[in-house]
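Chemist: Once you've had a glance at the structure underneath, I'll fire off some questions.
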């Protein structure tokens, strides 16, 4: 009897493993901008520090105009690599390269490229009426500036952006799509998140919920 029960248990375990392994893998999530991207120092003799503190050890000094590779922005700092040395520089001294990569692949892949590019500017300032991705932009100026880098010309105001591109449902939104609210606009980056020029206090940031307020329109800008 014990032998029969043991064999039955083994069969059930094997069957369970087969069923589990046959389940479809979850759809790959769209992550934040991957890898490094170009930047340039605009102030003379910026200090590259070991950590995010003005009291941290200085690794070396970087002169004005020197190119750096930017890893990410965190608070007041950008993590960068310069001539093989990696450390932190105050973000206000590093301009991000606005030369966008070429769009290729499917419409969804193009949108992912746009969304990843937009995230390079997280931490930069919000400026009402601004359109500059480095020195400051408002919500419509930000998404317009991002798409301008890819050769698209968008309407200037958040209300006019509700008619840009083509309409898609919120359910079918993809990275790169514009999420329009009353008096505001953001860009969807995947995984339920948006990147947007939010307020003077927060600047350009990523928010965890695209539907944090009532969505009035979703517009797809990238073309097939």
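Residue numbers (mature numbering (1 follows the signal peptide of the UniProt record, and there is no 0)): -24 to -1, 1 to 200. No residue lacks a Cβ here, since even glycine has one placed at the ideal position from N, Cα and C. Remember, it's a predicted structure, so these values are computed and weren't measured experimentally.
(1) Kindly provide the ranges of any alpha helix (DSSP H) runs that are 4 or more residues long and lie completely inside the stretch 83 to 107, ordered along the chain.
(2) For a test of the three-state rule: what should DSSP assign to residue 24, helix, strand or coil?
(3) What separation, rounded to the nearest whole angstrom, lies between the Cα atoms of residue 97 and residue 68?
(4) So, under 8 Å CB-CB, residue 201 and residue 200 are touching, yes? Tell me the CB distance rounded to an integer number of Å.
(5) Rounded to the nearest angstrom, what separates residue 135 and residue 51 at their Cα positions?
(6) Could you tell me if residue 34 is buried or exposed, where buried requires 16 or more neighbouring beta carbons within 10 angstroms of its beta carbon?
(7) When the Cα atoms are used, what is the spatial distance from residue 147 to residue 94?
(8) Name the DSSP beta bridge partners of residue 149, please?
(9) Mind checking residue 27: buried by the 16 CB within 10 Å criterion, or exposed?
(10) Residue range of the beta strand (DSSP E) that residue 179 falls in?
(11) Can you tell me whether DSSP reads residue 61 as helix, strand or coil?
(12) Have a look at residue 159 and residue 125 and give me their C-alpha separation to the nearest angstrom.
Modeler: Reading from the atomic positions:
(1) As far as the stretch 83 to 107 is concerned, its whole alpha helix (DSSP H) runs of at least 4 residues are 83 to 94.
(2) strand
(3) 12 Å
(4) Because the chain is modelled from -24 through 200, residue 201 falls outside the range shown and cannot be assessed.
(5) 31 Å
(6) exposed
(7) 22 Å
(8) BP columns for residue 149 are empty, so no partner.
(9) exposed
(10) Start and end: 179 to 183.
(11) strand
(12) Rounded to whole angstroms, residue 159 to residue 125 spans 24 Å at the Cα level.
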